[in-house]
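Peer 1: Below: one structure in structure tokens.
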Amino acid sequence: MQTVSLETLEIARAGGVVTITLNRPDKKNAANNTMWDELLATFRQISRSDEDRVVVITGAGGAFCAGADLWAGGAERHQLARMRDITDVALALHRLPQPTIAKVRGVAVGAGMNLALGCDLVVASDNARFSEIFAKRGLSIDFAGSWLLVRRIGLHRAKELVLFGDIIGAADADRIGVVNRVVPDAELDAFVDEWAARLAAGPPIALAQSKRLLDNAMQMTFEQALDDEGSAQTVNFSTRDTAEAIKAFTEKRDPHYQGR
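Count the sequence shown with the numbering used here and you get residues 3 to 262, in order.
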């Protein structure tokens, strides 16, 4: 395993899986300006990598992320400029071609909850707690939460979470569709490792295209979706990976994908 420690992040790579650990445990991994900058640079680097097949985002010290650190201070900048920096991070996460998994322990609130929702899959420990806490801080929802939450759980559920800002436990998050899975805390690492390994072994080009098609689905007409599917499938049939998949099927073995 290769591990790199930044000021606010720890980045580990093994077997095509990149694990990004938010590493401000004394602040429940609340994101300061440095963390936003490091996340943006990391996401952009991963997006250009052929070796990175899957991204897992998690937090150190038993918490996922307590949102933006509103008391972190920093350079004197207009709030609008600071918000542009933060929204750049949300966009960079959304644009990652690789599948992404949020591994959530403890609190995931505010921008921290929406960082998790911005991932393709959310797996939570049974001790996880979620909140769109913005209203209780005199703020409106951000970090793409207005886009993500409605698509994940529907308009009226989203309004309930956002307008009240209540904290919900893992079981309720599972019931209303905030997360994909809830597992006992002792099993969380192994569960996410298994999902990540399966995705890392998959066909990178095909998975990236399926991810894009699904992300775009709600903006497309039926005919546009069919046209996009046809274009994506045409690309797939031109790759070595699809030829390898067909060959592996006929030879009754597991395929070995190279992203080409």
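Glycine is no exception: its CB is placed at the ideal position from the N, C-alpha and C atoms.
Is it a yes or a no for the region 152–162 touching the region 91–103, going by three-plus beta-carbon pairs under 8 Å?
Peer 2: no
Peer 1: Is there at least one Cβ from chain B nearer than 8 Å to Ala-172's Cβ?
Peer 2: In summary, chain B is missing from the structure at hand, where a single protein chain is found.
Peer 1: In chain order, what residues of the same chain have a beta carbon less than 6 Å from the beta carbon of Asp-122, not counting five sequence neighbours either side?
Peer 2: Pro-101, Thr-102
Peer 1: Looking only at its own chain, which residues have a Cβ that is under 6 Å from the Cβ of Thr-21, when we skip the five neighbours before and after it?
Peer 2: Ala-14, Val-58
Peer 1: Grouping DSSP H, G and I as helix and E and B as strand, with all else coil, what is Gly-147?
Peer 2: helix
Peer 1: Applying the criterion that 16 or more other CB atoms from any shown protein chain within 10 Å of the CB defines a buried residue, is Pro-186 buried or exposed?
Peer 2: exposed
Peer 1: Give the range of the alpha helix (DSSP H) segment to which Pro-240 is assigned.
Peer 2: For the sequence presented, residue 240 should be read as Ser rather than Pro. Where Ser-240 is concerned, there is no enclosing alpha helix (DSSP H), given that its DSSP letter is neither H nor E.
Peer 1: Between the region 200–211 and the region 57–73, do three or more beta carbon pairs fall short of 8 Å?
Peer 2: no
Peer 1: Counting along the chain, where does the alpha helix (DSSP H) carrying Glu-40 start and finish?
Peer 2: Here the alpha helix (DSSP H) through Glu-40 covers 35–49.
Peer 1: When DSSP labels each residue in this structure, what does Leu-98 get in the three-state scheme?
Peer 2: coil
Peer 1: So, Asp-71 versus Lys-29, is the Cβ gap smaller than 8 Å?
Peer 2: yes
Peer 1: Give every residue of the same chain whose Cβ lies closer than 6 Å to the Cβ of Asp-52, excluding the five residues on either side of it in the sequence, and list them in chain order.
Peer 2: Gly-261
Peer 1: Alpha carbon to alpha carbon, how far is Met-3 from Glu-12?
Peer 2: 12 Å
Peer 1: Just how far apart, CA to CA, sit Asn-25 and Cys-67?
Peer 2: 9 Å
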